[in-house]
Ligand code: FAD
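Numbering (our numbering), first residue to last: 80 to 396.
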């Protein structure tokens with residue numbers, strides 16, 4: 080079922096969902112199931128599976144370092160299919176512009192269609208770790224909006240290069256990313272919102288936000304989005320703080336602010352288990368207030384660990 084249909088069917092009740100990261104290649108999928116199992120009691124109608132960018136690895140060969148490019152966490156579509164069939168839940172593969180040509184994206188979407196996957200998140204992806212700015216793959220898209228257009232074309236039976244007349248069309252429901260505190264590269268929040276509107280006008284059906292720790296930022300973002308005519312569901316993304324380093328890493332990587340009270344509470348902790356508890360309690364308060372405001376879904380970034388998400392969900396759902 081489409082995410083938008085799940086939201087309609089819930090009739091105003093806030094749904095629970097979460098995002099997982101594929102294991103590193105060479106690892107068993109059972110570990111992933113071990114993290115999903117405890118969260119299934121909260122009846123997620125859908126689970127997102129991220130896609131990671133390719134990266135450089137260095138292999139020593141006869142005293143020299145040989146540089147190879149590889150994807151360390153492949154398997155997004157395969158994992159989506161495995162989870163969908165194991166748990167009878169909808170899955171949402173994240174589809175990236177970065178590192179993929181339009182043809183490769185078309186093949187991936189064809190696979191999704193055959194596998195009965197009805198939702199996809201259309202994302203640009205970040206720059207690779209050695210790059211300062213994002214660079215599109217050869218023959219790939221520069222912005223997520225172009226990817227939304229490609230997916231919508233496929234939904235109309237229009238394949239690349241018009242090579243075929245389709246009689247079995249896909250009907251993907253398309254999610255895109257939104258940034259309550261603006262995307263790091265955007266010159267202003269207002270410009271970024273206009274870009275979000277372009278994605279929605281191109282056919283995106285719903286938005287999932289970047290993590291935020293101050294609900295006021297989400298509510299202001301939703302109001303500003305509505306004011307410029309964005310009328311699709313905007314799903315808040317929640318991430319519990321888990322380690323002290325998050326105080327530096329999250330603002331740096333995601334260009335988000337952390338509230339003073341949260342910083343003080345983390346700094347007062349004696350160890351990581353206390354910090355994890357602070358993160359859980361903050362996320363519970365955030366989630367309860369968002370649920371009270373009837374947000375369509377609370378979407379949690381699990382980062383591969385489910386015990387804190389289970390703790391939060393058991394207090395909120
Ligand atoms: P876009 O919408 O293309 O925007 C990127 C930037 O370009 C923005 O600053 C925007 O304002 C600007 N822009 C857009 N259109 C134009 C234009 N025509 N001209 C000039 N500027 C323009 N990353 C991963 O690698 N894998 C994942 O699985 C993943 N999942 C994510 C899930 C969510 C919910 C979120 C919020 C992010 C996720 N990301 C993921 C991170 C995301 O890929 C990065 O934030 C990326 O830098 C931007 O992606 P986007 O889809 O928002 O890009």
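Don't be surprised by glycine CBs; every beta carbon is placed ideally from N, CA and C.
Please read all numbers here as calculations on a predicted model, not as lab measurements.
{"Item": "Selected residue, minimal CA-CA separation from residue 268, among 254, 302 and 361", "Value": "302"}
{"Item": "Buried or exposed by the 16-neighbour rule on C-beta atoms within 10 Å, applied to residue 175", "Value": "buried"}
{"Item": "CA nearest to the CA of residue 315, picked from 234, 327, 154 and 362", "Value": "362"}
{"Item": "Residue 151 Cβ short of 8 Å to ligand 1 heavy atom set", "Value": "no"}
{"Item": "Exposure of residue 235, with buried meaning 16 or more beta-carbon neighbours within 10 Å", "Value": "exposed"}
{"Item": "CB contact flag (residue 96, residue 379, <9 Å)", "Value": "yes"}
{"Item": "Sub-9 Å separation of residue 239 and residue 223 beta-carbons", "Value": "no"}
{"Item": "Straight-line gap, residue 249 to residue 356 (C-alpha atoms, nearest Å)", "Value": "44 Å"}
{"Item": "Simplified DSSP assignment, three categories, for residue 304", "Value": "helix"}
{"Item": "Test: residue 364 CB closer than 9 Å to a CB of chain B", "Value": "The structure shown contains no chain B, having only a single protein chain."}
{"Item": "Start-end ranges of the alpha helix (DSSP H) lying completely within the stretch 222-286, minimum 4 residues", "Value": "223-234 and 268-280"}
{"Item": "Contained beta strand (DSSP E) runs [length at least 3] in the stretch 123-162, N- to C-terminal order", "Value": "125-128, 134-140 and 143-149"}
{"Item": "heavy atom of ligand 1 below 8 Å from residue 131 C-beta", "Value": "yes"}
{"Item": "Secondary structure of residue 212, DSSP reduced to three states", "Value": "coil"}
{"Item": "Candidates 149, 128, 247 and 130: closest to residue 137 by CA position", "Value": "149"}
{"Item": "Beta-carbon proximity list for residue 263, same chain, < 6 Å, skipping 5 on both sides", "Value": "334"}
{"Item": "Residue 229 classed as buried or exposed, judged by whether at least 16 other C-beta atoms fall within 10 angstroms", "Value": "buried"}
{"Item": "Option in 204, 392 and 182 with minimal Cα separation from residue 217", "Value": "182"}
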